[in-house]
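Novice: Mapped onto this note's numbering, the consecutive letters of the sequence shown carry residue numbers 23 to 970. Cβ coordinates follow ideal geometry from the N, Cα and C atoms, glycine included.
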Amino acid sequence: MIRIGLRDARSHFGRFIMSIVAIALGVSFVVGSFCFREMLNNQVSQMMSTNADHDVYVRGSQEKKKDSSAMSMESTKSYNDVDVDLAGTIAKVDGVSSARVVHMLSGVVLLDKHGDAVTTMGSPTLAIGMGKSSPWRSAKFTTGTWPKNGDEIALHSFAAEQSGLKVGDKTKIVYPDDAHKVTVSGIFTTDASQAGAIIIAIDPATAKEQANKQSDDPDKTALISVYGNKTTPLDDNAQQQLADRINKALPRSAKAHAITGDEYRDESTKSTQDALGFIQPLILIFAVIALFVGSFIIANTFSMIVRESMRGYALLRSIGASPLQVFSTVIVQALLLGLVGSLAGIGLGWGMVKLIASGLANMGMPLTGATNPTVSDMLVGLVVGIVVTLIGAALPARNAALAPPIQAMNETVNPEKPVLARGILGTVMVLLGFLSWGFTYALAAADGDGGPTPWKALNSIAVGWPLGIGAALAVIGVIVAGPAYVSTAGAVLGWLPSKVFTVTGRLAQRNISRSKRRTSNTAAALFVGVAIVSCLGVVATSAKASVNSLVDTGLKADFAVSSASAGQIPDQAIKDIKKVDGVNHVVSNRVVLGVKYDGKAINGFTFATQPELFTKIFAAETTEGDAAAALKDGKLLVGKTIADDRGWHVGQKVKATAENIVVDKEATAKAQADYQAKVQAHVQELQSQAQQLAASGDLAGAQAKASEIEQYTNDAKNVDPKTLVKTKKVTTGKTLTIGAIVSNSVYRDFSIVNDDLAEQIGNKQTMFVMQAFVTDKRGADTAQVKKALKKTIKKYYTIVVFDRDEYKSTMSSMIDQMLMVLYALLALSITIAIFGIVNTLALSVSERTKEIGLLRAIGTSRGQVRGMLGIEAAIISVFGTVLGLIVGVAAGVVIRAVYASEGLETLAIPWLQLLVFLLLSIVVGLVSSISPASRALKQPVLDAVASE
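1. Going by DSSP, name the residue or residues bridged to His136.
2. With distances taken from CA atoms, which of Gly516, Gly527, Ser458 is nearest Val497?
3. Which residues in the same chain as Arg957 place their Cβ atom closer than 8 Å to its Cβ, once the five residues preceding and following it in sequence are excluded?
4. Since Glu289 is in the alpha helix (DSSP H), which residue starts that stretch and which ends it?
5. Taking the C-alpha atoms as reference points, what is the distance between Asn251 and Gly110?
6. At a cut of 8 Å, does the segment 753 to 773 reach the segment 725 to 744 through at least three beta carbon pairs?
7. Rounding to the nearest angstrom, what Cα-Cα distance links Gln725 and Ala712 in this structure?
8. By the three-class DSSP mapping on this structure, what secondary structure does Gln711 have?
9. Buried or exposed for Ser729, going by 16 or more other Cβ atoms inside 10 Å?
10. Could you tell me the alpha carbon to alpha carbon distance between Thr753 and Phe772, rounded to whole angstroms?
11. Considering only the alpha carbon of each residue, which of Arg668, Gly647, Met890 lies closest to Gly626?
12. Residue range of the alpha helix (DSSP H) that Gly403 falls in?
13. Between Thr111 and chain C, is there a C-beta pair that is closer than 7 Å?
14. Could you spell out where the beta strand (DSSP E) holding Gly910 opens and where it closes?
15. With respect to the alpha helix (DSSP H) encompassing Lys252, which residues constitute its N-terminal and C-terminal limits?
16. Mind checking whether Gly153 and Asp75 have CB atoms under 7 Å apart?
17. Compare the beta carbon distance of Leu907 and Ala955 with 7 Å and say whether it is the shorter of the two.
18. Using 8 Å for Cβ pairs, my map puts Ser364 next to Leu337. What's the rounded Cβ distance?
19. To the nearest angstrom, how far is it from the Cα of Gly473 to the Cα of Ala484?
20. Under a three-way DSSP split, which group does Asp105 fall into?
21. Assign Glu927 to one of three DSSP states: helix, strand, or coil.
22. What is the DSSP secondary structure of Met792, counted as helix, strand or coil?
23. Could you give the distance in angstroms between the alpha-carbon of Leu148 and the alpha-carbon of Met126?
24. Tell me the rounded alpha-carbon separation between Ala92 and Asn102.
25. Suppose contacts are defined by Cβ-Cβ distances below 7 Å. Is Gly527 in contact with Ser520 by that definition?
26. Hey, how far is the Cα of Phe51 from the Cα of Pro395?
27. Classify Asn766 as helix, strand or coil using the three-state DSSP reduction.
28. Residue ranges of each beta strand (DSSP E) run of no fewer than 3 residues wholly in the segment 644 to 723, ordered along the chain?
29. Buried or exposed for Val452, please, with buried defined as at least 16 other CB atoms from any protein chain shown within 10 angstroms of its CB.
30. Expressed to the nearest angstrom, what Euclidean distance is found between the alpha-carbon atoms of Gln65 and Leu313?
31. Tell me which same chain residues have a C-beta within less than 7 Å of the C-beta of Ser710, skipping the five on either side of it?
32. Excluding five sequence neighbours on each side, which residues of the same chain lie with their C-beta closer than 7 Å to the C-beta of Val672?
33. Kindly indicate which residue of Gly947, Leu929, Thr903, Ala922 has the alpha-carbon position closest to the one of Leu937.
34. Report yes if the CB atom of Thr757 is closer than 7 Å to the CB atom of Lys675, and no otherwise.
35. Would you kindly work out how many angstroms separate the C-alpha atoms of Ile281 and Thr390, rounded to a whole number?
36. If you measure between the beta carbons of Met7 and Thr393, is that distance less than 7 Å?
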């Protein structure tokens with residue numbers, strides 16, 4: 023039976039092509055997703071081993087409990103911060119070569135050799151404090167050396183390549199507060215690529231100074247990094263011994279704990295890899311669609327093969343073959359098909375990841391992670407391909423095995439089973455799904471104010487549950503009920519063709535209903551793909567419309583000002599903008615870090631602004647109170663989300679507190695005095711040694727000591743005074759009255775105070791302007807004002823000015839990038855749907871060979887036969903598309919309602935886009951019919967008539 027199966031597979035190989043393509047596509051996405059995930063994991067692992075290369079790390083000993091009221095995207099463990107002064111204690115431990123806080127700055131910008139900002143494809147630009155005395159062990163200099171002061175920088179080779187800079191070149195580095203002129207002192211490489219990041223080495227003292235400006239507590243740090251050897255990494259055992267010695271030396275009151283570098287790298291690698299884990303499911307969506315449709319194509323292919331081979335199977339049964347043996351002949355073919363398709367898919371998936379890696383490298387994000395599939399990846403792809411093939415072939419194989427020999431010999435076609443029960447069951451599921459969506463919509467519309475039902479428990483349910491359950495019921499219900507809808511769909515969708523093309527249209531209408539299950543299964547491919555794309559299309563279009571509506575109706579400003587440098591706009595830039603001719607009002611929003619209310623952090627941020635924000639810039643919507651008056655009167659404005667979360671209302675008093683870092687004058691004076699005493703004592707000791715050498719007649723030794731005294735004295739004079747400044751933490755607080763609750767989607771997650779209150783509560787050192795809005799004077803030429811603004815901010819390099827149209831287009835461009843992914847998904851769905859429709863029509867033509875021959879014998883033209891099959895294919899394609907549009911648009915409407923409070927306030931349905939999808943489905947159907955029609959017309963009329 024195996025040989026018979028292999029022989030049949032060889033003879034039917036031509037029919038397997040489309041099935042092989044479908045399996046190969048599905049398996050390629052499965053293998054590609056695993057390869058891509060493995061490549062990212064390898065990249066992360068390589069970067070961690072290079073970038074976090076210290077032998078021991080000291081961090082807090084107490085794990086922080088996540089505050090449910092605090093805004094946090096962290097999924098990894100976090101620990102209490104430790105005192106930076108612990109580095110001095112750790113440095114004295116035996117075996118410690120270096121112990122320091124590594125200051126890393128984000129939001130900096132490097133200017134290239136032409137004076138333009140060096141941009142990346144989403145990767146950060148990082149400035150890291152390192153130098154000759156505080157090196158990065160993994161860095162290997164190709165030219166030059168470490169920066170010696172704040173006027174020098176060293177560049178990673180990728181940063182040097184992107185900027186066109188070389189050693190000795192002068193450029194600027196833009197910190198959040200200002201731009202600084204620097205000279206490139208060296209260029210270094212690392213073993214692992216930095217995934218497109220721009221890495222800049224800056225003087226450690228400069229890094230500390232800049233980091234302190236951005237920190238709300240510069241005396242604390244998350245990590246102290248320790249080298250046991252500045253040139254050679256310690257092995258596992260040596261790392262553990264060093265960590266143990268450090269733990270013994272740490273004061274119990276320090277609340278600190280030392281862990282090995284390997285342990286820290288493993289934790290960091292895992293957390294980063296987990297954070298990137300969302301990419302694989304996105305790729306697997308494509309795999310699921312391909313394999314879902316592939317199973318139908320395989321089922322149709324084997325149905326065709328079984329039908330053509332039915333007499334042969336009957337003969338086998340007649341001479342004693344058991345049903346199991348007949349079943350095995352079909353399964354052998356399925357195994358061979360699955361094996362070939364899976365192997366092709368493995369190669370295709372590998373090539374796909376290689377292509378992605380090459381594309382990323384060309385776009386400025388080189389990755390060195392391995393792209394080759396592992397044995398387990400290939401086995402998964404092989405198993406998935408074969409299993410899907412066996413599932414698709416199982417039912418046709420069962421029919422071949424169980425058909426009575428006499429019936430099989432006569433090729434009697436069993437009538438299709440009734441589909442009424444499936445129709446009822448599926449329709450009930452669809453109705454329940456839409457009912458669940460209706461409940462979700464009502465729940466979202468309530469926005470926390472009561473609910474759509476009298477039951478509190480039901481009203482408090484998370485909207486994700488009914489949304490997800492409704493989606494599952496709707497999609498599965500349509501697939502289940504699909505066969506029952508075929509006749510109605512054929513009558514409705516075939517009405518126009520039957521009027522225009524009387525004969526071929528009516529024949530196509532009739533033929534659609536011959537095999538309802540097959541027609542429905544074929545349409546399911548487009549249904550799933552179009553449903554996903556149309557759903558997200560509604561969400562994306564609504565997002566665009568919401569932004570446009572916000573700008574057109576809510577924003578009164580003529581210009582918006584923002585910065586690429588960690589979102590920070592220098593205070594001097596705001597002052598310069600106010601001086602621009604033609605500018606009327608400038609309103610700046612400053613972030614106030616670390617503010618707590620009644621001892622708890624809010625689920626959002628606090629920012630300070632001026633009352634003009636709600637009179638000149640933005641139209642405030644409030645549920646209670648007057649926003650502008652509240653700001654003017656020194657009251658607290660609260661976003662609706664925060665007010666609902668904390669149960670706040672207008673008139674309520676809350677205690678706002680913040681921990682501010684101020685200079686400890688007494689501790690600073692003592693540190694300066696202690697340092698001077700230390701210097702004087704050491705100088706006296708050296709002078710005494712010089713006198714002793716001179717008394718003994720060693721004039722050369724005495725001269726050397728004199729030179730040493732001079733060098734030490736000069737070094738002491740040049741010590742950075744900032745290193746001797748001591749700070750202390752002071753808690754400031756003020757009781758505030760809630761003056762208004764703002765419901766605008768833009769501000770509903772913020773608490774807002776005026777500038778005077780912010781300076782009384784917050785740490786002025788860490789406040790920064792995140793955004794500014796500008797209005798021009800009445801009668802001013804807006805274009806000229808914009809030109810003047812751009813000229814004024816040019817010296818800040820990272821600040822950009824948008825007019826109203828640019829502000830809208832900037833937001834829309836991000837949405838358009840998301841739509842590109844959706845169109846790729848649609849393209850895949852269309853490609854696979856074409857295979858499915860071609861396969862279904864080929865099976866239909868095979869079953870109707872005699873019928874088509876008779877039609878041609880009585881005068882039906884070749885064009886009419888092509889037209890009949892084209893209309894059939896178009897009806898199948900439009901049927902699946904219409905179902906997808908209905909379900910997808912409904913889902914998009916509900917999702918928009920769920921996120922209305924997050925900014926999706928305007929519902930917009932992309933009617934033109936949906937019409938294009940519908941027209942495209944007709945084209946898909948017509949294209950799909952070309953091959954089956956050619957096959958039907960290839961056979962001579964008499965042979966076709968005599969085929970049965």
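Specialist: From the atom records:
1. The partner list for His136 (beta bridge, DSSP) is empty, contrary to what the question assumes.
2. Of the candidates Gly516, Gly527, Ser458, the one whose C-alpha sits nearest the C-alpha of Val497 is Ser458.
3. Answer for Arg957: Ala864, Val867, listed in chain order.
4. For Glu289, the enclosing alpha helix (DSSP H) has its first and last residue at 283 to 297.
5. A straight line joining the alpha-carbon of Asn251 with that of Gly110 spans about 17 Å.
6. No: fewer than three Cβ pairs fall under 8 Å.
7. Going by the C-alpha atoms only, they are around 8 Å apart.
8. Here DSSP, grouped into helix, strand and coil, assigns Gln711 to helix.
9. Exposed.
10. Answer to the nearest angstrom: the Cα atoms are 22 Å apart.
11. Of Arg668, Gly647, Met890, the residue nearest in Cα terms is Arg668.
12. Counting along the chain, Gly403 sits inside the alpha helix (DSSP H) bounded by residues 397 to 424.
13. Within the model displayed, chain C is absent; a lone protein chain is all it includes.
14. Residue range 884 to 920 is occupied by the alpha helix (DSSP H) that includes Gly910, with no beta strand (DSSP E) assigned at that position.
15. For Lys252, there is no enclosing alpha helix (DSSP H), as DSSP marks it with neither H nor E.
16. No, the pair does not count as a contact, with Cβ atoms beyond the cut-off.
17. Cβ distance not < 7 Å, so Leu907 and Ala955 don't count as in contact.
18. Not a contact, Cβ separation roughly 32 Å.
19. Spanning the two alpha carbons is a distance of roughly 12 Å.
20. Here DSSP, grouped into helix, strand and coil, assigns Asp105 to strand.
21. In the structure shown, Glu927 adopts coil according to DSSP, grouped into three states.
22. In this structure, DSSP gives Met792 an extended state, which the three-state scheme calls strand.
23. In a straight line, the C-alpha of Leu148 is about 7 Å away from that of Met126.
24. The predicted position of Ala92 is uncertain, since its pLDDT is 37 and thus under 50; no value can be drawn from it.
25. Less than 7 Å separates the beta-carbon of Gly527 from that of Ser520.
26. Phe51 and Pro395 have their C-alpha atoms spaced approximately 12 Å apart.
27. Shown here, Asn766 sits in coil according to DSSP, grouped into three states, outside any helix or strand.
28. Here the runs fully enclosed are 644 to 647, 658 to 661, 675 to 685.
29. Classification of Val452: buried, given that the 10 Å Cβ count is 16 or more.
30. C-alpha separation (whole angstroms): 29 Å.
31. The answer is none, since no qualifying residue turns up.
32. Answer for Val672: Glu646, Gly647, Ile760, Gly761, Ala762, Ile763, listed in chain order.
33. Among Gly947, Leu929, Thr903, Ala922, the Cα nearest to that of Leu937 is on Thr903.
34. Yes, these two residues count as a Cβ contact at 7 Å.
35. Each residue's Cα considered, the two are about 28 Å apart.
36. Residue 7 cannot be examined here, being either before or after the span of the chain that is shown, 23 to 970.
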